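There are 2 protein chains.
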Amino acid sequence: MSTQNIKVYQDLMGENEKWAAATRSLLKEKNIAMINIIGSPGCGKTTLIENMVTRLHGKTKFAVLEGDVETTRDAERLDVLGIQVSQLLTKGACHLEAKLVNHALCDLDLDNLDLVIVENVGNMVCPAEFDVGEHAKVAVLSVTEGEDKPLKYPLLFRLAGAILLTKIDLLPHLTFDIDACVDFVKQVNAVPPLFKLSSVNGTGMDDWVEWAISVR
Amino acid sequence: MSTQNIKVYQDLMGENEKWAAATRSLLKEKNIAMINIIGSPGCGKTTLIENMVTRLHGKTKFAVLEGDVETTRDAERLDVLGIQVSQLLTKGACHLEAKLVNHALCDLDLDNLDLVIVENVGNMVCPAEFDVGEHAKVAVLSVTEGEDKPLKYPLLFRLAGAILLTKIDLLPHLTFDIDACVDFVKQVNAVPPLFKLSSVNGTGMDDWVEWAISVR
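Those sequence lines, one after another, are chains A and B.
Here the first sequence is numbered in numbering that gives the first Met the number 0, starting from 0 and rising by one per residue.
Here the second sequence is numbered in numbering that gives the first Met the number 0, starting from 0 and rising by one per residue.
Next comes the structure, spelled out in structure tokens:
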């Protein structure tokens with residue numbers, strides 16, 4: 000039998016890397032930055048992006064790709080703010096893959112963009128395993144979740160280019176030990192900047208947004 | 000070629016169902032109940048179980064199977080309370096599967112048990128897809144996560160035999176709309192009881208523990 004008759008199936012992760020590389024190449028050609036925001040359901044990802052919208056509006060041309068298992072609720076929250084936003088529905092899958100992100104990216108007005116913000120599916124485990132072509136993964140941990148999560152879910156924190164501790168306005172009502180948390184983060188990844196944020200009172204937001212727009 | 004030479008590979012979910020059935024059969028034989036607690040990282044699963052330990056100690060003979068991606072931190076928290084506890088490490092996987100649970104179960108002193116509490120990996124998506132032989136899945140949502148999660152992660156809430164709203168002591172500091180959340184839960188699953196709990200001040204714990212020990 001000739002090898003021409005043999006069907007070759009690439010493994011799925013290899014296929015993912017191919018699409019991630021295509022995205023990275025397109026971003027470079029168009030001089031666009033892309034961040035991939037990952038954290039648990041309810042850690043404050045969408046609220047964070049709402050805050051970024053108000054700070055970046057009129058200064059930075061950007062779009063949001065909203066990953067969700069089901070519903071278009073998060074995209075609707077951002078759409079009313081008058082920015083380019085697309086909803087990426089995984090229909091049950093627990094993470095975004097590079098192919099879907101690439102397809103959504105190609106449909107944006109790329110000649111009119113500086114930054115693409117990808118909000119991944121709410122999940123601290125699986126999304127970390129998938130490169131979607133971003134310049135940086137951003138790990139989000141709300142202080143209501145407890146300080147030990149960097150040790151318990153180390154892959155995300157190990158791969159992150161920046162780490163955000165959100166909801167710090169709630170610290171007075173919690174037993175969360177912020178110094179211990181920072182120490183746990185450093186045990187798995189000493190390099191990335193760590194921003195302590197509150198979407199309620201704006202703490203830390205200026206520094207974080209400055210980092211986000213200069214990523215590349 | 001004879002069919003005897005053809006290797007048959009069952010799909011992974013079929014394999015999972017086989018182990019779940021074996022667990023269910025063993026639990027029935029030994030007259031043991033089992034619940035499978037599922038929710039995001041930091042939603043308060045381990046703290047909830049710590050509270051159950053103090054309430055059930057000396058009344059109900061029970062064991063905890065602690066699912067985690069990495070570390071034995073949660074099992075250590077429970078071990079000091081003097082109960083049967085085993086750590087189930089998934090080594091990167093985002094959920095528990097029935098085979099691992101069955102193996103851990105078989106190593107327990109089954110003739111001396113009324114209830115097995117499985118704490119799944121912190122993740123609102125994938126663990127819901129895997130039957131581990133439990134009598135009921137229990138969905139945990141902390142009020143810091145936002146009221147729309149039952150719509151955004153419907154599979155877990157649809158399959159749950161009970162739904163726990165945790166950290167309700169923090170409600171005065173949040174914009175969480177508890178009536179809207181209950182309504183969203185009912186949109187995906189009107190049947191199960193819903194318990195509003197605080198591990199800090201004990202609210203709702205008696206009713207929840209009573210439900211848990213009578214599940215079957």
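All residues carry an ideal CB built from backbone N, CA and C; glycine is no exception.
It should be emphasised that the depicted structure is a prediction, and the values quoted were computed from it without experimental measurement.
What does Met51/A reach in chain B if we use C-beta pairs closer than 8 angstroms?
Position 52 of the first sequence holds residue 51/A. Neighbours of Met51/A on chain B: none; closest Cβ ~18 angstroms, over 8 angstroms.
Mind checking which residues open and close the alpha helix (DSSP H) that includes Lys136/A?
Here residue 136/A refers to the residue found at position 137 when the first sequence is read from its first residue. Element bounds for Lys136/A: not the alpha helix (DSSP H) but the beta strand (DSSP E), Ala135 to Ser141.
Quick check: Leu87/B and Glu69/B, are their CB atoms within less than 8 angstroms of each other?
Along the second sequence, one-based indexing puts residue 87/B at 88. Along the second sequence, one-based indexing puts residue 69/B at 70. The answer is no: Cβ separation not under 8 angstroms.
Could you work out which residues of chain A lie near Cys93/B, taking near to mean beta carbons separated by less than 8 angstroms?
What you label residue 93/B is simply residue 94 of the second sequence in a count that begins at 1. Under the 8 angstroms cutoff, chain A gives Cys93, Asn122, Val124 and Cys125.
According to the Cβ coordinates, are Lys136/B and Asn15/B closer than 8 angstroms?
For the purposes of this step, residue 136/B is taken as residue 137 along the second sequence, with counting starting at 1. For the purposes of this step, residue 15/B is taken as residue 16 along the second sequence, with counting starting at 1. No, the Cβ-Cβ distance between Lys136/B and Asn15/B is not below 8 angstroms.
Determine the DSSP secondary structure at Val187/B, reduced to helix, strand or coil.
Position 188 of the second sequence holds residue 187/B. The answer is helix: DSSP assigns Val187/B an H, G or I state.
Find out if the Cβ-Cβ distance for the pair Phe269/A, Leu114/A is shorter than 8 angstroms.
No answer is possible for residue 269/A: it lies beyond the span of chain A, which begins at 0 and ends at 215.
Please report the distance separating the alpha-carbon of Lys185/B from that of Ala19/A.
Within the second sequence, residue 185/B is the residue found at index 186, counting from 1. Within the first sequence, residue 19/A is the residue found at index 20, counting from 1. For Lys185/B and Ala19/A, the distance between alpha carbons rounds to 39 angstroms.
Quick check on this structure: which residue in Val214/B, Asp108/B and Leu140/B has the alpha carbon closest to the alpha carbon of Gly160/B?
The count along the second sequence starts at 1 and reaches residue 160/B at position 161. Closest by alpha carbon: Val214/B.
Just the chain A side, please: which residues come within less than 7 angstroms of Gly145/B by C-beta, in chain order?
To locate residue 145/B, count along the second sequence from 1; it is residue 146. What Gly145/B touches in chain A: Gly41.
Keeping to the same chain, check which residues put their C-beta closer than 7 angstroms to that of Arg76/B; ignore five residues upstream and five downstream.
For the purposes of this step, residue 76/B is taken as the residue at position 77 of the second sequence. These residues qualify, in order along the chain: Thr45 and Glu49.
How do the segment 97-107 of chain A and the segment 19-30 of chain A stand: do at least 3 beta-carbon pairs fall below 8 angstroms, yes or no?
yes
Nearest to Leu173/B by CA position, among Asp78/A, Ser197/A and Leu26/A, is which residue?
Looking up residue 173/B in the second sequence gives position 174. Among Asp78/A, Ser197/A and Leu26/A, the Cα nearest to that of Leu173/B belongs to Ser197/A.
Give me the chain B residues within the contact set of Asp67/A, using Cβ-Cβ distance strictly less than 7 angstroms, ordered along the chain.
Counting from one through the first sequence, the residue named residue 67/A turns up at place 68. Neighbours of Asp67/A on chain B, chain order: Lys151.
Give a yes or no on whether 8 angstroms exceeds the smallest Cβ distance from Ser141/A to chain B.
Within the first sequence, the letter at position 142 stands for residue 141/A. Yes, contact with chain B.
Just how far apart, CA to CA, sit Val52/B and Leu112/B?
Residue mapping note: residue 52/B aligns to position 53 of the second sequence, counting from 1. Residue mapping note: residue 112/B aligns to position 113 of the second sequence, counting from 1. Going from the Cα of Val52/B to the Cα of Leu112/B covers about 14 angstroms.
Provide the residue(s) that pair with Glu216/B in DSSP beta bridges, ordered along the chain.
Since the first residue of chain B shown is 0 and the last is 215, residue 216/B is not available in this structure.
Quick one: using the 10 Å Cβ neighbour count with 16 as the cut-off for buried, is Ala189/A buried or exposed?
If you number the first sequence from 1, residue 189/A lands on position 190. Counting Cβ neighbours within 10 Å, Ala189/A comes out exposed, since fewer than 16 surround it.
Which of helix, strand or coil does DSSP assign to Phe156/A?
Here residue 156/A refers to the residue found at position 157 when the first sequence is read from its first residue. Looking at Phe156/A - three-state DSSP - the assignment turns out to be helix.
Could you tell me if Gly145/A is buried or exposed, where buried requires 16 or more neighbouring beta carbons within 10 angstroms of its beta carbon?
Position 146 of the first sequence, counted from the first residue, corresponds to residue 145/A. Label assigned to Gly145/A: buried.
Using a Cβ cut-off of 8 angstroms, which residues of the segment 187-208 of chain B contact any Cβ in chain A, in chain order?
none
List, in chain order, every chain B residue whose beta-carbon is nearer than 7 angstroms to that of Thr70/A.
To locate residue 70/A, count along the first sequence from 1; it is residue 71. Within chain B, the residues near Thr70/A are Leu150 and Lys151.
Indicate whether at least one CB of chain B lies closer than 8 angstroms to the CB of Leu169/A.
Position 170 of the first sequence, counting from 1, holds the residue named residue 169/A. So, interface residue.
Can you grab the Cα-Cα spacing for the pair Lys195/B / Arg72/A, in whole Å?
In the second sequence, residue 195/B corresponds to position 196, counting from 1. In the first sequence, residue 72/A corresponds to position 73, counting from 1. Those two C-alpha atoms are separated by around 25 angstroms.
List the residues of chain A whose Cβ lies closer than 8 angstroms to the Cβ of His56/B, in chain order.
Translated into the one-based positions of the second sequence, residue 56/B becomes position 57. Per Cβ cutoff of 8 angstroms: no residues; His56/B is ~23 angstroms from chain A at best.
Helix, strand or coil for Met204/B? Go by DSSP, reduced to three states.
For the purposes of this step, residue 204/B is taken as residue 205 along the second sequence, with counting starting at 1. In the structure shown, Met204/B sits in a helix (DSSP, three-state: H, G or I).
With DSSP run on the structure shown, which of helix, strand or coil describes Met51/B?
As a working mapping, residue 51/B is identified with position 52 in the second sequence. Of the three classes helix, strand and coil, the one that applies to Met51/B here is helix, per DSSP.
Is the CB-CB distance between Thr165/B and Ser141/A below 8 angstroms?
Walking along the second sequence from the start, residue 165/B turns up at place 166. Walking along the first sequence from the start, residue 141/A turns up at place 142. Going by C-beta atoms, Thr165/B is not nearer than 8 angstroms to Ser141/A.
Look at the Cβ atom of Asp168/A, then the Cβ atom of Val117/A, and state whether they are nearer than 8 angstroms.
If you number the first sequence from 1, residue 168/A lands on position 169. If you number the first sequence from 1, residue 117/A lands on position 118. Against a cut-off of 8 angstroms, the Cβ pair of Val117/A and Asp168/A comes out as no contact.
Looking only at its chain, what residues have a beta carbon closer than 7 angstroms to the beta carbon of Leu158/A, apart from the 5 residues adjacent to it on each side?
Locating residue 158/A in the first sequence gives position 159, where the first residue counts as 1. Hits under 7 angstroms: Ala127 and Lys136.
What do you reckon, are the CB atoms on Ile212/A and Leu193/A nearer than 8 angstroms?
Working through the first sequence from its first residue, we reach residue 212/A at position 213. Working through the first sequence from its first residue, we reach residue 193/A at position 194. Not a contact, by the Cβ cut-off of 8 angstroms.
What does the alpha-carbon distance come out to for the pair Ser24/A and His134/A?
For this step, residue 24/A is matched to residue 25 along the first sequence. For this step, residue 134/A is matched to residue 135 along the first sequence. Whole-angstrom Cα-Cα distance: 11 angstroms.
For Asp78/A, collect the residues of the same chain with a Cβ closer than 8 angstroms to its Cβ; drop the 5 residues on either side in sequence, then sort them by chain order.
Here residue 78/A is taken as the residue at index 79 of the first sequence, counted from 1. Result list for Asp78/A: Val84, in chain order.
Rank His56/A, Gly132/A and Ala74/A by C-alpha distance to the C-alpha of Met33/A and give the top, closest one.
Here residue 33/A corresponds to residue number 34 of the first sequence, with the count starting at 1. Nearest of His56/A, Gly132/A and Ala74/A to Met33/A, Cα basis: Gly132/A.
For Val63/B, name the three-state secondary structure that DSSP assigns.
As a first step, residue 63/B must be located in the second sequence, where it is residue number 64. Looking at Val63/B - three-state DSSP - the assignment turns out to be strand.
Mind listing the chain B neighbours of His172/A? Cutoff is C-beta to C-beta under 7 angstroms, in chain order.
The count along the first sequence starts at 1 and reaches residue 172/A at position 173. Going along chain B in sequence order, the residues near His172/A (Cβ under 7 angstroms) are Leu169 and His172.
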